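Participant: Dumping the structure here so I can ask a few things about it.
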Amino acid sequence: MIELKSPREIEQMKPAGRFVGNILKELRERTKVGTNLLEIDEYVHQRIVDRKGAESCYVDYAPDFGTGPFAHYICTSVNDAVLHGIPYDYNLKNGDLVSLDLAIKVDGWASDSAISFVVGDADESDLRLIRSTEEALLAGIEAAQPGNRLGDVSHAIGEVAREYGYPVNLEFGGHGIGREMHMDPHVANDGRAHHGFKLREGVTIAIEPWFMKSTDEIFQDQSDGWTLRSVDGSRGAHSEHTIAITENGPQILTARG
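For reference, each letter of the sequence shown is one residue, going 51 to 307 in this note's numbering.
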């Protein structure tokens, strides 16, 4: 069931969105060559502890696409790890492509957002991949207008991927969000325009395009039971915002700064 939020409830979701957006902005500035993934996880943990009413959406989360409960506060996916990356004892190296995906509740309302960037010297092909996800995210948000269809959002994302020449995986995508992190509807990263659920005021969704350079196939890393990697070792990137559809159009709740 797709829930509609009242204007008051959307206002209540904004603190969580600001909190998630600000943490990702801070992490983007703090994460350098040599930063350990466990340091990133602990930083998020401490920010949650210090914020009254905040709780992780990830710790003890146990959906059917993972192996056992997730035990960390953020997803850290590096290079060919494209989604659900488990933080582990790894110091980032020059040129690593990092995706950080973060979901937190504040006072019972969830927000979810993701960024990708390169630490140190960046290869132009990595920057192009990241740029494609950012442009696809903006295109998806722009399409999320009252009266449009969910397929319009998916189609807008897929069109950007096609323009860049990247394949699209449809197994994982965006989702509804509110009192829980993952809710209806599923927001695919490609689809048919003018089809699907009719968008209306009060819909809140997380839009999250993620692409890999040369494949649309992934596999689950059995060493941790969570991290999803590209089958051919190519790098991936991921961008995400939580938005609310209002009478004035889509509003980004997880803006960074």
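Backbone N, C-alpha and C fix where the C-beta goes; we use that ideal spot for every residue, glycine too.
Since this is a predicted model, take the numbers as computed values, not measurements.
For the alpha helix (DSSP H) containing M262, list its first residue and its last residue.
Facilitator: Careful: M262 lies outside any alpha helix (DSSP H), inside the beta strand (DSSP E) at W260 to M262.
Participant: Report the three-state DSSP secondary structure of I154 (helix, strand or coil).
Facilitator: strand
Participant: Which residues in the same chain have their Cβ closer than 8 angstroms to the Cβ of A211, if we skip the five residues on either side of it in sequence?
Facilitator: S182, A186, P217, V218, N239, D240, P259 and F261
Participant: Does F69 come out as helix, strand or coil in the three-state DSSP assignment?
Facilitator: helix
Participant: Look at the alpha carbon of C233 and the alpha carbon of G116, and state the distance between them as a whole number of angstroms.
Facilitator: Looking at the sequence shown, residue 233 is not Cys but Met. About 17 angstroms.
Participant: Could you check the C-alpha separation between L249 and A194 for me, to the nearest Å?
Facilitator: 7 angstroms
Participant: May I ask which residues mark the beginning and end of the beta strand (DSSP E) holding G190?
Facilitator: Premise fails: G190 lies in the alpha helix (DSSP H), E174 to A193, not in any beta strand (DSSP E).
Participant: From what residue to what residue does the beta strand (DSSP E) around S204 run?
Facilitator: That residue, S204, is in no beta strand (DSSP E); its alpha helix (DSSP H) goes L200 to Y214.
Participant: Apart from the five residues just before and just after G135, which ones in its own chain have a Cβ nearer than 6 angstroms to its Cβ?
Facilitator: The residues C125, T126, S127 and T277, in chain order, have a CB closer than 6 angstroms to that of G135 in the same chain once the five nearest residues on each side in sequence are set aside.
Participant: Report the partner residues of T292 according to the DSSP bridge assignment.
Facilitator: A256
Participant: Does DSSP put R78 in a helix, a strand or coil?
Facilitator: helix
Participant: Identify every residue that forms a DSSP beta bridge with I268.
Facilitator: S280
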